[in-house]
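Notes for the one structure printed next.
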Amino acid sequence: MFKKIVLCFMMLAVVTLSCSLPAKAADKIIKIDGSSTVYPITEAVAEEYQKAKKGAVKVTVGISGTGGGFKRFCRGETDISDASRPIKDSEIKACQEQGIEYIELPIAYDGLAVVLNPKNTWVKVLTVADLKKIWEPEAKGKVTKWNHVRAEWPDAPMKLFGPGADSGTFEYFTEAIVGKAKASRGDFTASEDDNVLVQGVAGDKNAIGYFGLAYYEENKDKLKIAPLDGGKGPVVPSLQTVENGTYEPLSRPLFIYINTKSAAKPEVKEFVDYYLKNSQKLVKQAKYIPLPAKAYTLAQERFSKMKKGSMFTGKGHVGVKIEDLMKIEESKK
């Protein structure tokens, strides 16, 4: 009986001590998921932030794709969602049904690169019409060879690689090229992991694919980039042509979305502040295009005021400039 009493006191002491100790690093976890395009930026920020915190906070970053990330975010499973497009009406509704409110913050610009195998010698430039002919739903089972696109191109089978249906890149590309988001042929190799797409195109002479410009920049020794003619002559995607808007219609803004309840946690608030203050440097390091300094200042104001909702409600996504939306918001002050 005496041993049992001693044991009970010891257990009580352990419980009391554990309750009085400061929170462990494992208790302070910031959960992020979403776009594989935004992943390199967020991962770079997360690494720098965790170094600065010396292990006091853990940041996890997933790549479920923009759509997959929003599914988790709207169920309350993550604190922050990376997105390569603005949140859709259906996702806004899903969040509302679960009582999830959010703050939308733009963090960079990106261009979508259309890439070929380096052994492809016949494609000098692609037009929007060419890409539509290749990727529209009606092309399935019909446009299967290069000479089906242009008669002067080889009688050789095309191998197509592109992001999966949960990808914001997939949605943006189809909206910009085909005219309707998610309107695409289905007979292509799809992956949410852009590295899989890189390897696919790099391994087949007859391959063509598309993904974020940063992944091309990281793998330019394995790939050939296709100049795009959006109606004003061929333009090669680069940091300069995306920033000045001449690479169209495949230039776009990138975002993070923060759950407002999560933003009330000191570690999440500090992480987002760190993200915005260091974006210009880390976005460049990840080979993306920083927003103008004024846009980051306005984004910081938006976050500090906990301004909920999306700037894109009721607006199209293709061709919309963040600076213009920010100016509209600023004029409403």
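Numbering (our numbering), first residue to last: 243 to 575.
Ideal Cβ positions, reconstructed from N, Cα and C, are used throughout, including at glycine.
Quick caveat: nothing in here was measured; it's all calculated off a predicted structure.
| field | Candidates K536, K361, Q338 and L470: closest to S552 by CA position | value | Looking at the Cα atoms, Q338 is the closest of the given residues.
| task | Count the other C-beta atoms from every protein chain shown that fall within 10 angstroms of the C-beta of A456, then say buried if there are 16 or more, exposed otherwise. | result | Looking at its Cβ environment, which holds 16 or more other Cβ atoms inside 10 Å, A456 is buried.
| task | Could you round the C-beta distance between K549 and I345 to whole angstroms and report it? I think they count as a contact, below 8 Å. | result | Your pair K549 and I345 checks out as a contact, with CB atoms roughly 6 Å apart and the cut at 8 Å.
| Are the Cβ atoms of S521 and V365 separated by less than 9 Å? | Going by C-beta atoms, S521 is not nearer than 9 Å to V365.
| request: Give every residue of the same chain whose Cβ lies closer than 7 Å to the Cβ of P399, excluding the five residues on either side of it in the sequence, and list them in chain order. | output: Hits under 7 Å: T386, K387 and N448.
| The beta strand (DSSP E) enclosing T284, as first and last residue numbers | From DSSP, T284 is part of no beta strand (DSSP E) but of the alpha helix (DSSP H) over Y281 to K295.
| Under a Cβ-count criterion, where at least 16 other Cβ atoms within 10 Å of its own Cβ denotes burial, should I271 be classed as buried or exposed? | By the 10 Å Cβ count, I271 comes out exposed.
| said: Measuring straight from C-alpha to C-alpha, what distance separates P579 and G445? | reply: Residue 579 cannot be examined here, being either before or after the span of the chain that is shown, 243 to 575.
| message | Can you tell me which residues form a DSSP beta bridge with R494? | response | Note: R494 sits in a beta bridge opposite D352.
| said: Pull the bridge partners of V357 from the DSSP assignment, please. | reply: Beta-bridge pairing links V357 to G451 and I467.
| task | Within the same chain, show all residues whose beta-carbon is closer than 6 Å to that of Y489, passing over the 5 residues directly before and after it, in chain order. | result | The answer, listed in chain order, is G353, V477, P479 and T483.
| task | Note down the Cα distance separating P405 from E512, rounded to an integer number of angstroms. | result | Those two C-alpha atoms are separated by around 32 Å.
| said: Between which two residues does the beta strand (DSSP E) holding F315 run? | reply: From DSSP, F315 is part of no beta strand (DSSP E) but of the alpha helix (DSSP H) over T308 to C316.
| said: For E333, count the other beta carbons within 10 Å of its own beta carbon; 16 or more makes it buried, fewer makes it exposed. Which is it? | reply: With a 10 Å radius around the Cβ and a threshold of 16 neighbouring Cβ atoms, E333 comes out buried.
| query | Exposed or buried, which one is R317 when buried takes at least 16 other CB atoms within 10 Å? | reply | By the Cβ-count criterion, R317 is exposed, with fewer than 16 other Cβ atoms from all chains shown falling within 10 Å of its own Cβ.
| field | Nearest neighbour of Q542, chosen from L518, V525 and E285 [CA to CA] | value | Of the candidates L518, V525 and E285, L518 places its Cα closest to the Cα of Q542.
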